[in-house]
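Residue numbers (this note's numbering): -19 to 374.
For glycine and all other residues, C-beta sits at the position ideal for the given N, C-alpha and C.
What follows is one structure encoded as structure tokens, with my remarks underneath.
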Amino acid sequence: MQQISLAETTTAPLSTIGSPAQHSVAPFMVFEALRAYMAWWVVIGHAIHLLGLEVEMPRFFRLLLTSGDIAVNVFIILSGFVITHLLLVRKETYGSFVVRRAFRIFPIYFVCLLIALLTHTAYEFAYSQDWVFGRDMKADRLVQVGEYMWTHVLLHLTMLHGAIPDSLLKYSSSSLLSPAWSLSLEWQFYLVAPLIVGLAAKGIRSFFFIALALVGAGMCFRSGMLGTWIYPSMLLLSIPFFLIGIASRLIVDRLTNQSLKTLLAGAALVVLIGHGARSELFIWCFFLVLAVFERKTARGESSPLLRRIAGIAANSVARDLGRASYSTYLIHIPLFAVSSLAVGRAVETYSRMDAGLAIVFSMVILVPVSKMLYRYVESPFISLGARISRRYAK
-19 MQQISLAETT TAPLSTIGSP AQHSVAPFMV FEALRAYMAW WVVIGHAIHL
31 LGLEVEMPRF FRLLLTSGDI AVNVFIILSG FVITHLLLVR KETYGSFVVR
81 RAFRIFPIYF VCLLIALLTH TAYEFAYSQD WVFGRDMKAD RLVQVGEYMW
131 THVLLHLTML HGAIPDSLLK YSSSSLLSPA WSLSLEWQFY LVAPLIVGLA
181 AKGIRSFFFI ALALVGAGMC FRSGMLGTWI YPSMLLLSIP FFLIGIASRL
231 IVDRLTNQSL KTLLAGAALV VLIGHGARSE LFIWCFFLVL AVFERKTARG
281 ESSPLLRRIA GIAANSVARD LGRASYSTYL IHIPLFAVSS LAVGRAVETY
331 SRMDAGLAIV FSMVILVPVS KMLYRYVESP FISLGARISR RYAK
């Protein structure tokens, strides 16, 4: 998950990619809000698992609220869109691009990883309770990670831990700081994104062949011949979602009002009769349509209904939470663990009701904690990375 402003966007058609880009201001504020919705979807799902509430919930709400994988997949699509956008509008070297991305994700990741390591005892307490969903798996993970702790730590320092098969190093992708498996996936994408986007942007035929090659390679990894992963944390396992984001950015300037309606109707149809990534596609298409109409509104064009919907979806609260959603995503589990241990030490017998109070308290303070991390960790290092990356551009 990344927090990248899309305040600038190119209006150049695909045929002019590589030539000096024409820029126009477009807010794309709905994507800021989208980050908030997806991050808090994950948070709520993890809270439900920690309290073991899914067994008591109606099937519809259980499937909806605990489907954090859908939220992560939407983030992956958004990453493909945003990184493609940056590569198209910025003229920077590979070194400059990688430095900028490294300073974007490594500092907050290292801070949250350190906090997770320091709160290991709290995590063990919180997730060892009888009511916790997947308790046996989490207990086994604690044992396995403890046995190979330094191996896990060293892999996490490279942020390539997600590329290692869990069949080779058990729980490699989800040890220490479990949400960080998707961070490893992001980093893997950043390292090769300039090549993939460069080839894909050459035209439809080029995009088709690069997509076919990548999806084919992903199928080989999914077959288990080269190892198995608990999460799709190896780049080729999640490449279809990145490709959806890349394709969306490459065609977004050509979308007419009619094609936008067709896109949204098609996504709705996929939800009704399709399989696989239907929910991710609908959520993405819905917000992409809103983003394009938001951009059209900034240019003086208008669609009253969609403008109103975009205004509701991208309300000020959601945009504010979206800016700090990266920190929210990484820090919420350590915060759950610390709060649970604190309440556990304050009561005589720790019950699920006590756990619920701890989680509610965690979710309340998660907002200011995330904002603080964004202000004092993310923002300064984003600025530092931008300054350092300019040296590589010279």
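For residue i, tell me which candidate among the options has the shortest Cα-Cα distance.
i, options, result
"Val349", "Ser228, Leu310, Ser76 and Ile50", "Leu310"
"Arg316", "Ser153, Ile95 and Pro220", "Note that residue 316 is Phe in the sequence shown here, rather than Arg. Checking every option, the nearest Cα to that of Phe316 belongs to Ile95."
"Ala335", "Arg367, Ala106, Ile24 and Thr101", "Ala106"
"Ile210", "Pro284, Ile144 and Arg234", "Ile144"
"Ser320", "Ser158, Thr138, Leu192 and Gln109", "Gln109"
"Glu12", "Ser296, Val340, Arg42 and Ala326", "Ser296"
"Val272", "Thr101, Ile368 and Arg234", "Arg234"
"Leu215", "Ile231, Val232 and Gly196", "Gly196"
"Val347", "His29, Ala180, Arg303 and Ser162", "Arg303"
"Leu353", "Ala160, Tyr89, Phe77 and Ser158", "Tyr89"
"Trp161", "His100, Arg288 and Leu93", "Leu93"
"Pro139", "Ser155, Tyr128 and Leu223", "The residue you asked about is not Pro; residue 139 is Met in the sequence shown. Comparing Cα-Cα distances from Met139 to each of Ser155, Tyr128 and Leu223, the minimum goes to Ser155."
"Arg367", "Phe341, Ile224, Gly75 and Pro159", "Gly75"
"Thr101", "Ser363, Pro314 and Ser342", "Pro314"
"Phe189", "Glu34, Leu217, Ala227 and Ala294", "Ala227"
"Trp130", "Ala326, Ser363 and Leu97", "Leu97"
"Phe86", "Arg42, Leu137, Pro159 and Cys265", "Leu137"
"Val22", "Ser259, Pro159, Met117 and Cys265", "Pro159"
"Met343", "Leu301, Val133, Thr73 and Leu217", "Leu301"
"Val232", "Lys351, Leu134, Arg371 and Cys265", "Cys265"
"Phe55", "Ala326, Leu261, Lys351 and Ala290", "Leu261"
"Arg371", "Glu72, Phe41 and Met37", "Glu72"
Checking 9 Å against the spacing of the C-beta atoms, do residue i and residue j come in under that value?
i, j, result
"His312", "Ser213", "no"
"Phe83", "Phe361", "yes"
"Ile292", "Leu14", "no"
"Phe201", "Gly60", "no"
"Ser307", "Glu274", "no"
"Ala181", "Leu230", "yes"
"Gly25", "Trp111", "no"
"Phe77", "Tyr151", "no"
"Ser369", "Arg80", "yes"
"Leu378", "Val318", "This structure gives no information on residue 378, because the portion of the chain shown stretches from -19 to 374."
"Met9", "Arg355", "no"
"Ile339", "Ala27", "yes"
"Ser147", "Gly207", "yes"
"Gly204", "Ile219", "no"
"Ala294", "Leu268", "no"
"Ile184", "Ile57", "no"
"Leu157", "Tyr128", "no"
"Leu30", "Phe113", "yes"
Grab the span of the alpha helix (DSSP H) containing residue i for me, first residue to last.
i, result
"Trp161", "Trp161 to Ala180"
"Ser147", "Unbroken run through Ser147: none, as it is neither H nor E."
"Ala227", "Ile219 to Ile231"
"Phe201", "Ile184 to Arg202"
"Pro87", "Tyr74 to Leu98"
"Arg234", "Taken as a continuous stretch (DSSP letters only), Arg234 belongs to no alpha helix (DSSP H), as it is neither H nor E."
"Ala119", "Arg115 to Glu127"
"Arg332", "Arg332 to Leu353"
Please confirm whether any heavy atom of the ligand NAP lies closer than 8 Å to the CB of residue i.
i, result
"Phe83", "Because no ligand of any kind appears in the structure shown, any question about the ligand NAP cannot be addressed here."
| Is the segment 18 to 28 close to the segment 40 to 53, with three or more CB pairs under 8 Å? | yes
| task | Say whether the segment 121 to 132 touches the segment 159 to 170, bearing in mind that this needs 3 or more beta-carbon pairs closer than 8 Å, one atom from each stretch. | result | No: fewer than three Cβ pairs fall under 8 Å.
| field | Stretch pair the segment 60 to 72 + the segment 168 to 187: three plus CB contacts closer than 8 Å | value | Yes: at least three Cβ pairs fall under 8 Å.
| said: Which runs of the alpha helix (DSSP H) at least 4 residues long sit entirely within the segment 296 to 321? Give them in chain order. | reply: 296 to 303
| query | Do three or more CB pairs link the segment 41 to 48 to the segment 315 to 334 at distances below 8 Å? | reply | No, the segment 41 to 48 is not in contact with the segment 315 to 334.
| said: Ignoring anything shorter than 4 residues, give me the alpha helix (DSSP H) runs that lie fully in the segment 5 to 77, in order along the chain. | reply: 9 to 31, 39 to 45 and 48 to 69
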